[in-house]
Amino acid sequence: MIALYFDGRKDETISKEIVSGKSVRITIQELHMSLVEEPDSTYFGHINPDSGSGKDIVSSILKFMKENCIDEKSIKALGCDGTTENTRASNGSISLF
Numbered sequence: 001m002i003a004l005y006f007d008g009r010k011d012e013t014i015s016k017e018i019v020s021g022k023s024v025r026i027t028i029q030e031l032h033m034s035l036v037e038e039p040d041s042t043y044f045g046h047i048n049p050d051s052g053s054g055k056d057i058v059s060s061i062l063k064f065m066k067e068n069c070i071d072e073k074s075i076k077a078l079g080c081d082g083t084t085e086n087t088r089a090s091n092g093s094i095s096l097f
């Protein structure tokens, strides 16, 4: 792998829960992130971090790589959008990776 690019979005998912013996529909916000390998823009995978924090994003990416037997040292470059969760100097996903 030469470069790993990632981007995400928050989606609303409808779920059912039992409250006081009744089935109730609730809406849950989930973060979905796509991972793309460069060059060639090959789909690499999909993760669902617990939150949009840089720490959770990096943790989810590293967990995905470990589960798929991919050495993180094989990544030569990272790419993402310019949101603060990714670019913050101290806790952004790029600086934490």
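Be aware that the sequence shown starts at 1, since it is given in full-length UniProt numbering, and climbs by one per residue.
For each residue, glycine too, the CB sits at the ideal point set by N, CA and C.
task = Return the first residue and the last residue of the alpha helix (DSSP H) that residue 56 is part of.
result = 54-67
Practice problem: Whole angstroms is fine: what's the gap from residue 10's alpha carbon to residue 51's? | Solution: 10 Å
* At what residues does the alpha helix (DSSP H) containing residue 85 begin and finish? -> 84-87
### Task
Rounded to whole angstroms, what's the CA-CA distance from residue 3 to residue 39? Just pull it up for me.
7 Å
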